[in-house]
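First residue of the sequence shown? That's 670 in this note's numbering, and the numbers climb one at a time after it. The next block holds one structure in the form of structure tokens; read it before the comments.
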Amino acid sequence: MAKIETLAATSKPSWIVQIPTPLWLIGLVILALGVNVLLQTSAVVQHRLTGEILIVAGFAFSIWAAVTFRMHRAQLKPSSDAHTTVVASGPFLVSRNPMYLGNVVTGIGAALVAGTWLMWAVPLVLFLLDHFVIIPFEERSMERTFGAAFSAYKNRVRRWV
Numbered sequence: 670m671a672k673i674e675t676l677a678a679t680s681k682p683s684w685i686v687q688i689p690t691p692l693w694l695i696g697l698v699i700l701a702l703g704v705n706v707l708l709q710t711s712a713v714v715q716h717r718l719t720g721e722i723l724i725v726a727g728f729a730f731s732i733w734a735a736v737t738f739r740m741h742r743a744q745l746k747p748s749s750d751a752h753t754t755v756v757a758s759g760p761f762l763v764s765r766n767p768m769y770l771g772n773v774v775t776g777i778g779a780a781l782v783a784g785t786w787l788m789w790a791v792p793l794v795l796f797l798l799d800h801f802v803i804i805p806f807e808e809r810s811m812e813r814t815f816g817a818a819f820s821a822y823k824n825r826v827r828r829w830v
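Right, here's the structure in full:
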């Protein structure tokens, strides 16, 4: 745990921050599926229809947030220090991190579809990476760039929901 806190406390982006969360999600899903095939694990908690709905909803929420970012010409790269604006419209009215939230929801959907214990680790690992490493790095960068404006936004809008 100390290593995660150390990574989050640095101002230079770690390799973890430089890999976009959607790539983390895809990589973790592929890894979990591969190990599940090798070990021939069975489902522990599975509900295919709900999982499929959550995959679509999470993906759509992330896309909505990315489009909103693009409309404001905001930087999508998590390790960037070049910020042009604090985006506080669209999905950013309900979550400071709707793209990350959408990815975690997509991971939960994938876990429900597959149902295996290892696939359930995917959204958990993704949440931990986002919450303790990637988001703190981004928030420090935003605070350095926008100061009180970003602090006011943080006070208005929760990190997740």
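We treat Cβ as the ideally placed atom computed from N, Cα and C, and that holds for glycine. Quick caveat: nothing in here was measured; it's all calculated off a predicted structure.
- Taking the Cα positions, Lys823 is about 20 Å away from Leu798.
- The continuous alpha helix (DSSP H) containing Gln687 extends over residues Trp684 to Gln687.
- Closest in C-alpha terms to Val698, from the list Val802, Gly778 and Pro760, comes Gly778.
- Within its own chain, the residues whose Cβ lies closer than 6 Å to the Cβ of Val782, once the five positions on either side in sequence are excluded, are Arg717 and Gly720, listed in chain order.
- The region 691-708 and the region 780-796 touch, with no fewer than 3 CB-CB distances between them shorter than 8 Å.
- Shown here, Gly784 sits in coil according to DSSP, grouped into three states, outside any helix or strand.
- Nearest Cα to Val714 within the set Ala780, Ser749 and Ser764: Ala780.
- For Pro792, the secondary structure class from DSSP, reduced to helix, strand or coil, is helix.
- In the three-state reduction of the DSSP assignment, Asn766 falls in the coil class, being assigned neither a helical nor a strand state.
- DSSP places Lys746 in no alpha helix (DSSP H); its state is neither H nor E.
- Scanning Thr775, Ala735, Phe728 and Arg827 for the CA closest to the CA of Pro747 turns up Ala735.
- Boundaries of the alpha helix (DSSP H) harbouring Arg813: Ile804 to Phe815, taken from the DSSP string.
- Measuring C-alpha to C-alpha distances from Leu723 to each of Leu795, Gly816 and Gly771 identifies Gly771 as the nearest.
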